[in-house]
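Visitor: Under the working numbering, the first residue of the sequence shown carries the number 9, and numbering increases by one thereafter. For each residue, glycine too, the CB sits at the ideal point set by N, CA and C. No experiment lies behind these values; they were computed from the predicted model shown.
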Amino acid sequence: MHVISSIEDAKSLEGVEVGLSDWVIIDQNRIDQFAEATGDYQWIHVDTERAAAEMPGGKTIAHGYLTLALIPVLTVNFVEIENLARAINFGVNKVRFYTPVQAGDRVRARATVLQARRRAGALLLTSETRIEVENERKPACVAETLGMYFFGE
Numbered sequence: 009m010h011v012i013s014s015i016e017d018a019k020s021l022e023g024v025e026v027g028l029s030d031w032v033i034i035d036q037n038r039i040d041q042f043a044e045a046t047g048d049y050q051w052i053h054v055d056t057e058r059a060a061a062e063m064p065g066g067k068t069i070a071h072g073y074l075t076l077a078l079i080p081v082l083t084v085n086f087v088e089i090e091n092l093a094r095a096i097n098f099g100v101n102k103v104r105f106y107t108p109v110q111a112g113d114r115v116r117a118r119a120t121v122l123q124a125r126r127r128a129g130a131l132l133l134t135s136e137t138r139i140e141v142e143n144e145r146k147p148a149c150v151a152e153t154l155g156m157y158f159f160g161e
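1) Just reading off the beta strand (DSSP E) that Leu78 is part of, what are its end residues?
2) Does the beta-carbon of Ser135 have 16 or more other beta-carbons within 10 angstroms, so that it is buried, or is it exposed?
3) Compare the C-alpha of Val115 against each of Asn143, Asp17, Ala18, Asn37 and name the closest.
4) Under the assumption that Gly27 contacts Ala119 (Cβ atoms under 8 Å), give the Cβ distance between them as a whole number of angstroms.
5) Would Val54 and Ala43 qualify as a contact pair, given that the criterion is a beta-carbon distance under 8 Å?
6) Can you check which of these residues, Ile52, Tyr73, Gly72, is closest to Met63 by C-alpha distance?
7) Kindly indicate the opening and closing residues of the beta strand (DSSP E) around Asp35.
8) Taking only the alpha-carbon atoms, compute the straight-line gap between Glu57 and Thr68 and give it to the nearest angstrom.
9) Among Leu92, Gly99, Thr83, which has the Cα closest to the Cα of Trp31?
10) Nearest by alpha-carbon distance to Tyr73: which of Leu131, Ala45, Arg126, Val11 is it?
11) Is the beta carbon of Ala18 less than 8 Å from the beta carbon of Leu131?
12) Taking the straight line between their C-alpha atoms, what separation do you get for Glu152 and Val121?
13) Which same chain residues end up closer than 7 Å to Asp48 when comparing Cβ atoms and leaving out the 5 residues on each side of it in sequence?
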């Protein structure tokens with residue numbers, strides 16, 4: 009884990025890969041729960057019988073936004089901000105989905121700090137996170153994320 013106690017510490021991590029998570033299984037239950045939470049019941053995600061007959065590989069695939077939503081939990085242990093008052097998800101600059109995540113696949117996150125800047129009295133950290141699928145050449149998702157970290161007094 010990388011420790012950041014100032015904006016200067018964060019700047020020293022620009023261009024550095026800051027973490028690689030453990031593998032996490034994306035099972036049908038997780039996909040179904042995401043469908044329930046978002047109301048996205050497209051058959052390619054939730055109809056296992058139809059997927060067995062019609063989908064390449066015969067399995068349902070996870071929602072792209074489920075893959076994207078895993079980034080915070082998969083990267084939580086990559087960087088520790090000392091004296092953190094609060095952290096805010098500031099958004100994403102770019103997201104691409106390259107490889108589908110099939111039910112039962114294992115994924116992990118790999119993140120690199122792209123830029124660290126001061127903004128509104130906080131640290132604005134821009135990172136690239138790649139969600140990798142075990143045994144796949146291309147990542148499932150590559151996202152450029154922005155987080156704002158406010159230091160305590």
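Guide: Let's see:
1) Segment: none, Leu78 is in no beta strand (DSSP E) and carries neither H nor E.
2) So Ser135 ends up on the buried side.
3) Selected option, being the one with the closest Cα: Asn143.
4) Indeed they touch by this definition, with Cβ atoms about 5 Å apart.
5) Their beta carbons are under 8 Å apart, which means Val54 touches Ala43 by this criterion.
6) The option with the nearest alpha carbon to Met63 is Ile52.
7) Premise fails: Asp35 is in no beta strand (DSSP E) and is neither H nor E.
8) In a straight line, the C-alpha of Glu57 is about 9 Å away from that of Thr68.
9) Residue Thr83 is the option with its Cα nearest to Trp31.
10) With respect to the C-alpha of Tyr73, the residue from Leu131, Ala45, Arg126, Val11 having the closest C-alpha is Ala45.
11) Judged by their CB atoms, Ala18 and Leu131 are nearer to each other than the 8 Å cut-off.
12) Rounded to whole angstroms, Glu152 to Val121 spans 10 Å at the Cα level.
13) Taking C-beta separations shorter than 7 Å and ignoring five residues to either side along the sequence, the partners of Asp48 in its chain run His71, following chain order.
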